[in-house]
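First residue of the sequence shown: 4, per our numbering; consecutive thereafter.
Just so it is clear, CB atoms sit at the ideal spot from N, CA and C, and this is done for glycine as well.
Everything numeric in this text was worked out from a predicted model, so none of it was measured.
For reference, the structure is listed below as structure tokens.
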Amino acid sequence: MSPDDCKKRVRTHIDLSWNKGRLALAEQLQSKYFTYKSSLAQQPLDSAGFAQIVRDIREAMPDLEVVIDECLNDGNKVITSSTLIGTLVKPAFGRQPSDKIMAIAAMSIWTLNPAGDIEELNSLFDIDGGRSLACQEAPLAQAQPLA
Numbered sequence: 004m005s006p007d008d009c010k011k012r013v014r015t016h017i018d019l020s021w022n023k024g025r026l027a028l029a030e031q032l033q034s035k036y037f038t039y040k041s042s043l044a045q046q047p048l049d050s051a052g053f054a055q056i057v058r059d060i061r062e063a064m065p066d067l068e069v070v071i072d073e074c075l076n077d078g079n080k081v082i083t084s085s086t087l088i089g090t091l092v093k094p095a096f097g098r099q100p101s102d103k104i105m106a107i108a109a110m111s112i113w114t115l116n117p118a119g120d121i122e123e124l125n126s127l128f129d130i131d132g133g134r135s136l137a138c139q140e141a142p143l144a145q146a147q148p149l150a
């Protein structure tokens, strides 16, 4: 796959899974050996474990939007810097529900196999940084950009 095709595959996976909750479609972009490692999980997870984390977060934050701030490619690896934005309606990330908009930074390294399937995803979420950003009460469409 070309570098642009690799980045497109990752962007599509983010959009299908995190933004739309279309987990069965996102899974089709994953290798049968897919592994998810994250600061949100205590151990590596397979596709089903990844899907459960996404479902849990989308349930706690139904207006969730993941914005890709940067997407870089190096060989079979894609690196994304993203921001998760939304309002908590259920406890998550060590916080109670609030009408305030929360933003959480995330860095991810995606490894694609030669066929272009996503083999591994490693993500680090800045939960503590998200706590300090939970300050806006306006609806998401009216929120000001975060510096």
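Within its chain, find whatever has a CB closer than 8 Å to the CB of residue i; leave out the 5 residues flanking it on each side and keep chain order.
i       : result
Leu-143 : Low confidence applies to Leu-143: its pLDDT is 43, below 50, so where it sits in the model is not reliable enough to give any reading.
Name, in chain order, the residues that DSSP records as bridge partners for residue i.
i       : result
Gly-173 : Residue 173 falls outside the range modelled here, since the chain spans only 4 to 150, and no answer is possible.
Leu-75  : Ile-82
Ser-111 : Thr-83, Ser-126
Got a sec? Which residues, its chain only, sit under 7 Å from residue i by beta carbon, not counting five neighbours each side?
i       : result
Arg-134 : Note that Arg-134 has pLDDT 49, beneath the 50 cutoff, so the model's placement of it is unreliable and no number is given.
Leu-19  : Arg-25, Leu-28, Ala-29
So, at 6 Å on beta carbons, what are the nonlocal neighbours of residue i in its own chain, with the 5 sequence-adjacent residues on each side left out?
i      : result
Val-81 : Cys-9, Lys-10, Val-13, Trp-113
Leu-48 : Tyr-39
Ala-54 : Leu-26
Which first and last residues belong to the alpha helix (DSSP H) in which residue i is found?
i       : result
Met-8   : Contrary to the premise, residue 8 reads as Asp rather than Met in this sequence. Start and end: 6 to 17.
Ser-50  : 50 to 63
Leu-124 : Note, Leu-124: premise wrong, no alpha helix (DSSP H); beta strand (DSSP E) at 121 to 129.
Leu-28  : 26 to 30
Which stretch, first to last residue, makes up the beta strand (DSSP E) that contains residue i?
i      : result
Ser-41 : 33 to 41
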